[in-house]
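All remarks here apply to the structure that follows.
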């Protein structure tokens, strides 16, 4: 049965933009990315992936950039956006990177497909058997930013009834690079805003940021009926 992709779009569940901002903090200087509509971006990306490869379920996972360990085997992948029979239940769930197909793809940085999951030891080592619906085929590809894998995209059960072909595997790999580029663009957009707020020499906040912050503090004090105090330090 061919699925109505408009309906699929409506069923995509995604982490809120405020929470998504946490997963894009991949530079110490990036204070916030909450002004970007990240929820819409990731929902649209997952919808487009399903348009390319119609599937019964799909998920985008990202690692947590603030996790202390650099060991790829000890990190966790968080469900950022998902659709399918269990899509709503999976959002914000964490999965180990040393198990299953998503862990294999994350650690190796290579796409992977499986047309008989129950006979695949990599699939059986992961959470797929406990998801709660029958999985007949899997295709998964890494998401990379600046040469480092930061997550994966996974599609389950080709809607046409057949498994995913080698061409499908290659296509998802190409689309994964599109998703990665969108993530890079979101980070770069915030990086540009951050640069505009800081002095090039000292990297301290400049007048533009000061004026914006003062207005926010004053507005908050007025709305809450509280006092507002300011201390200036000349560090030059």
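In my numbering, the protein residues as written are 149 to 384. Even glycine gets a Cβ: it sits at the ideal position worked out from N, Cα and C. Owing to the predicted nature of the structure, the values given are computational and were not obtained by experimental measurement.
Proximity winner among the options, relative to residue i (alpha-carbon distances)
i           : options            : result
residue 213 : 245, 307, 298      : 298
residue 380 : 167, 322, 362, 367 : 362
residue 293 : 219, 326, 164, 303 : 326
Beta-carbon proximity of residue i to residue j, cut-off 8 Å
i           : j           : result
residue 307 : residue 204 : yes
residue 194 : residue 208 : yes
residue 249 : residue 243 : no
residue 259 : residue 320 : yes
residue 288 : residue 332 : no
residue 221 : residue 255 : yes
residue 273 : residue 247 : yes
residue 304 : residue 283 : yes
residue 263 : residue 311 : yes
residue 171 : residue 210 : yes
residue 206 : residue 302 : yes
Beta-bridge partners of residue i, as assigned by DSSP
i           : result
residue 288 : 260, 302
residue 224 : 244
residue 206 : 231, 303
residue 293 : 296
residue 386 : Outside the shown range of the chain, which is 149 to 384, sits residue 386, and nothing can be said about it.
residue 211 : 225
Length of the line joining the Cα atoms of residue i and residue j
i           : j           : result
residue 228 : residue 238 : 9 Å
residue 365 : residue 324 : 41 Å
residue 231 : residue 160 : 4 Å
residue 271 : residue 280 : 15 Å
residue 335 : residue 240 : 21 Å
residue 317 : residue 216 : 32 Å
residue 278 : residue 285 : 15 Å
residue 182 : residue 191 : For residue 182, the predicted model reports a pLDDT of 46, less than 50, meaning its position is unreliable; a value from the coordinates is still stated below. Between residue 182 and residue 191, the C-alpha separation is close to 16 Å.
residue 290 : residue 257 : 6 Å
residue 197 : residue 376 : 49 Å
residue 223 : residue 245 : 6 Å
residue 275 : residue 269 : 12 Å
residue 201 : residue 300 : 16 Å
residue 371 : residue 219 : 47 Å
residue 309 : residue 261 : 15 Å
residue 315 : residue 337 : 33 Å
residue 167 : residue 267 : 37 Å
Residue range of the beta strand (DSSP E) that includes residue i
i           : result
residue 243 : 242-244
residue 274 : No beta strand (DSSP E) holds residue 274; DSSP gives it neither H nor E.
Continuous alpha helix (DSSP H) stretch holding residue i: start and end
i           : result
residue 189 : 186-200
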